[in-house]
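Report on the following structure.
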Amino acid sequence: GKEAVVCPWGEAAVFTPPGGWYHQHFNLGTEPARYLKFGHLPQFAGSGDYREQVEYPDEDPKVREYFQSELAKRGRESLMPDIVYKDRDYEWSYGDDD
12 GKEAVVCPWG EAAVFTPPGG WYHQHFNLGT EPARYLKFGH LPQFAGSGDY
62 REQVEYPDED PKVREYFQSE LAKRGRESLM PDIVYKDRDY EWSYGDDD
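Numbering (the working numbering), first residue to last: 12 to 109.
Written out as structure tokens, the structure reads:
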């Protein structure tokens, strides 16, 4: 691939990547963030099982290093468990699962 592009964002920010770009969302702040995707129509018809995405174990390690260094500059650290970068079958727990 090509060189990574970093697009700093904040409240009410909008960024529209070109079609076919793989991209990720990172929140360096202390408040939760919400991401809204506008896609090709019919965008609200559901996505089925197919997803075009890079799973954490396949992610370029430079991405994680950059995210962690940016968190460290702010006195924060990642809450992502290390196992998600190794085990593609990792099952997330959202706290309210029974």
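All residues carry an ideal CB built from backbone N, CA and C; glycine is no exception.
Cβ distance (whole Å) where residue i is taken to contact residue j below 8 Å
i: R2; j: P68; result: Because residue 2 is not part of the residues shown, which for the chain are 12 to 109, the question remains open.
i: I94; j: Y101; result: 6 Å
i: L82; j: L39; result: 6 Å
Inside the region 54–102 only - alpha helix (DSSP H) runs reaching at least 4 residues: As summarised for the region 54–102, the continuous alpha helix (DSSP H) elements at least 4 residues long and confined to that stretch are 72–84, given in chain order.
Touch test, the region 31–51 against the region 71–87, Cβ-Cβ under 8 Å, three pairs minimum: With a cut-off of 8 Å on Cβ pairs, the region 31–51 is in contact with the region 71–87, counting three or more such pairs.
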